[in-house]
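Contents: one structure, followed by commentary.
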Amino acid sequence: RITRGGNVVAEVDLVAEGILEDTVRERGVPVILVTEDRGARKVGAGSPEYVLVADPLDGTTNFRRGIPFFGFSLALAKPTERPTLSDVFAGLVMDLCHDELFTGRRPRAGTGGHVAVPGKLVVSLYAYGARVDPRYFRLYPHLIVRGMGSLALEICYVARGRMDAVMDVRGIARAVDVAGAIPVLEEAGGVITDLDGKGLDAELDAVPRISFVAARSDAVRRRLMRLI
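This is the structure we're talking about:
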């Protein structure tokens, strides 16, 4: 099946999304629910109190292949007329394989405190595909590259200092892929921007596509961009 965002959806994604929607409806709180498969729709009676951005299974290919790195992410946003990533005020990401929960709020309550990184940066780099600018290939010799297949979890790993950055330059990620992880990163003192260093403000829908850099500090982000 093809989603409205253009991706092939596995049956497990549809089942997970259905369970989530049923759970939200049972809670009785009216929301705008945004998911990868169906985009934005109203769930519950009355005026929406929140926008709930959900990815019930982030890392579908890992799940299908038995690779133990996939998770579940949620973000809460203010119910504006056209909600964007800047309206997100809380996020949650659950590592379903290692039973690890990541949470964060905006504006950030944390102080960061990541130390400088003297050696090569450890970066999850997604720089492949026909539309990728070849200049990003220059990064590879200067980095220790990891690509783990779950953007939300990888951003949370950056927040915990396990990696230095996640960089996706393919122009195919969506707000739903990263919304839950952004407050986690920012509360830890990290930053996420587009490739020009501007804040991400994509609409909370399954259709708009983005490229981004999520780094444990702005100094790390700048260092990464200087390598291009």
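Numbering of the sequence shown is given in the working numbering, commencing with residue -10 and proceeding in unit increments.
In this text, a Cβ means the ideal position worked out from N, Cα and C, and glycines have one as well.
Only a predicted model underlies this, so the values are computations on that prediction, with no experimental measurement involved.
Apply the 10 Å Cβ neighbour rule to residue i and answer buried if 16 or more other Cβ atoms are within range, or exposed otherwise.
| i | result |
| --- | --- |
| K31 | exposed |
| A203 | buried |
| V(-3) | Confidence in V(-3) is poor, its pLDDT being 47 and thus under 50, which makes the residue's placement unreliable; the coordinate value appears in the next sentence. Answer is exposed; the Cβ neighbour count stays below 16. |
| D11 | exposed |
| S62 | buried |
| R(-10) | The pLDDT assigned to R(-10) is 49, lower than 50, so where the model puts this residue is not dependable; a value taken from the coordinates is nonetheless given after this. By the neighbour-count rule (16 or more Cβ atoms within 10 Å), R(-10) is not buried but exposed. |
| S206 | buried |
| F201 | buried |
| G(-5) | Reliability fails at G(-5), whose pLDDT of 48 lies under 50, so the model's placement of it is uncertain and the value that follows must be treated cautiously. Classification of G(-5): exposed, given that the 10 Å Cβ count is below 16. |
| V158 | buried |
| L81 | buried |
| I217 | exposed |
| G60 | buried |
Look up residue i in the DSSP assignment and give the residues it is bridged to.
| i | result |
| --- | --- |
| F91 | V82 |
| E192 | T73 |
| I217 | I217 pairs with nothing; no bridge assigned. |
| D157 | Y115, F201 |
| Y39 | V20 |
| L128 | L128 pairs with nothing; no bridge assigned. |
Quick check on the DSSP output: the alpha helix (DSSP H) that includes residue i runs from which residue to which?
| i | result |
| --- | --- |
| G7 | 0 to 16 |
| L132 | No alpha helix (DSSP H) contains L132, which is instead part of the beta strand (DSSP E) from 132 to 135. |
| A148 | 140 to 148 |
| R54 | 49 to 54 |
For the beta strand (DSSP E) holding residue i, just list the boundary residues, first then last.
| i | result |
| --- | --- |
| F61 | 60 to 66 |
| G28 | 28 to 32 |
Relative to the C-alpha of residue i, which candidate in the options has its C-alpha closest?
| i | options | result |
| --- | --- | --- |
| R95 | A168, G150, H87, D122 | A168 |
| I161 | I199, G33, G28, D185 | I199 |
| A79 | T69, R97, G118, C86 | R97 |
| V1 | A43, G17, F52, V23 | F52 |
| T73 | L184, D185, I171, M214 | I171 |
| I181 | A208, V196, D84, P197 | A208 |
| G178 | A148, E192, D190, R163 | A148 |
| Y115 | S75, G17, A154 | A154 |
| T24 | Y39, G186, A43 | A43 |
**OP:** At 4 residues or longer, and completely inside the segment 162 to 189: list those alpha helix (DSSP H) runs for me, N to C.
**Re:** 164 to 167, 171 to 176
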